[in-house]
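*Asks:*
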Amino acid sequence: MTPDEDLFNQIVRDYSERIYWHVRRFVNSHEDADDLVQDIFIKIWAALPSFRGESQLFTWVYRIATNEALNFVRREKVRAALRFSSLDAEMERRIDADPYFNGSAAERELSKAVARLPEKQRLVFILRYYDELPYEEMSAILGTSAGALKASYHIAQEKIRAALQHHDLSF
Amino acid sequence: MTRRNDISTPEGYFEALLQRLQRIPDGTRTQAVPWTRRLAPYAAIAASMLLAVTVGNFILRKTAAMPEDDADWDYVTYLAQAMDPDGIVDLDETLFLSDEDIVNYLVDEGISVEQVNYISHEEGY
């Protein structure tokens, strides 16, 4: 086994589950998250020779995963436009139709409210609220200052609070 | 409660995923998505918009534009004719009748020659 294969297998063992949950929040579908995780790890394998250890492995892996998730969402937006629909409507449909969603009604509304956030706020909210990453790590992944991320998270939180004002869900 | 409890995966999914992902190095490293596939949705949007503009333009030309053009042409023709000085002269000339024309008209209308002579005399013709 080559050193690259060793490193790749380590990444798979350490991060595959975490990456799955990360992208699942973006795509709101198990099947799409499964496809996306496979694509992400193919990219990681292809890009592994260019990884020079200048950033943490975790940061590097997360950055690739986040970029792929954002690209997926952008493609879905285009597909929705071609069907004269909207991405928000498509994501709400997915959340309602997801057979692996077993949360409460309030949690379903939370997922929908997150899906309605603008791209950057949604990204920050998912990284902070669901993935529970500290702002410093988020800053390293996104290349944005921690202060700007805090501001984005605060705005996202306020929007979600407003959307969930009739539900008993604190966060 | 963790924040992931609201969604789940099929039973044994992560074990299967691990095995599947660990087989990736067996494949090739050149599995990047070709640019044609990445641009396909954008090309489809551009083609749709071009088609909509072309069809819309064709329909407008075939329906709304033609009557407007005709109406404009008719109005311009009318103005040109109305403003033509020769046309006005021709029109004026038709208004001037000679004595002979008047007498012939009266005779045609059944007025006697005596009466015509009387009217001509009275009116100073």
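From first to last, the protein sequence lines stand for chains A and B.
-2 is the number of the first residue of the first sequence in the working numbering; add one for each residue after it.
41 is the number of the first residue of the second sequence in the working numbering; add one for each residue after it.
All C-beta atoms, glycine included, are put in the ideal place defined by N, C-alpha and C.
1) Let's test the definition: count the other Cβ atoms within 10 Å of the Cβ of residue 16 (chain A) and tell me whether it reaches 16, buried, or not, exposed.
2) What in chain A is Cβ-close to residue 84 (chain B), meaning under 7 Å?
3) Closest to residue 78 (chain B) by C-alpha separation, out of A:83, A:76, A:106, A:52, would be which residue?
4) For residue 46 (chain B), decide whether its Cβ has a neighbour in chain A, counting only Cβ atoms nearer than 8 Å.
5) Any beta carbon from chain A within less than 8 Å of residue 49 (chain B)'s own beta carbon?
6) Let me confirm a value: residue 38 (chain A) is counted as buried when at least 16 other C-beta atoms fall within 10 Å, else exposed. Which label applies?
7) Please classify residue 153 (chain B) as buried or exposed, where buried requires at least 16 neighbouring CB atoms within 10 angstroms.
8) Assign residue 151 (chain B) to one of three DSSP states: helix, strand, or coil.
9) Alpha carbon to alpha carbon, how far is residue 7 (chain A) from residue 88 (chain B)?
10) Taking a Cβ distance cut-off of 9 Å, strictly less, list which residues of the stretch 13 to 34 of chain A are near chain B, in chain order.
11) Where does residue 94 (chain A) land, buried or exposed, given buried means 16+ other C-beta within 10 angstroms?
12) Does the beta-carbon of residue 63 (chain A) have 16 or more other beta-carbons within 10 angstroms, so that it is buried, or is it exposed?
13) Roughly how far, in whole angstroms, is the beta-carbon of residue 47 (chain B) from the beta-carbon of residue 69 (chain A), given that I think they are within contact range, below 8 Å?
14) Whose C-alpha, out of A:154, A:141, A:164, A:48, is nearest the C-alpha of residue 5 (chain A)?
15) What span of residues does the alpha helix (DSSP H) with residue 56 (chain A) cover, start to end?
16) May I ask you to verify whether the stretch 145 to 158 of chain A touches the stretch 80 to 92 of chain A, counting CB pairs closer than 8 Å and requiring at least 3?
*Replies:* On the basis of the supplied data:
1) buried
2) For a Cβ distance threshold of 7 Å, residue set 79 of chain A lies close to residue 84 (chain B), ordered along the chain.
3) Residue 78 (chain B) has its Cα closest to that of A:76, out of A:83, A:76, A:106, A:52.
4) yes
5) Yes, contact with chain A.
6) buried
7) exposed
8) Here residue 151 (chain B) sits in coil by DSSP.
9) 46 Å
10) 13, 14, 17, 18, 21, 22, 25, 27, 30, 31, 34
11) exposed
12) buried
13) Incorrect: roughly 17 Å between the Cβ atoms, too far for contact.
14) A:48
15) 54 to 79
16) no
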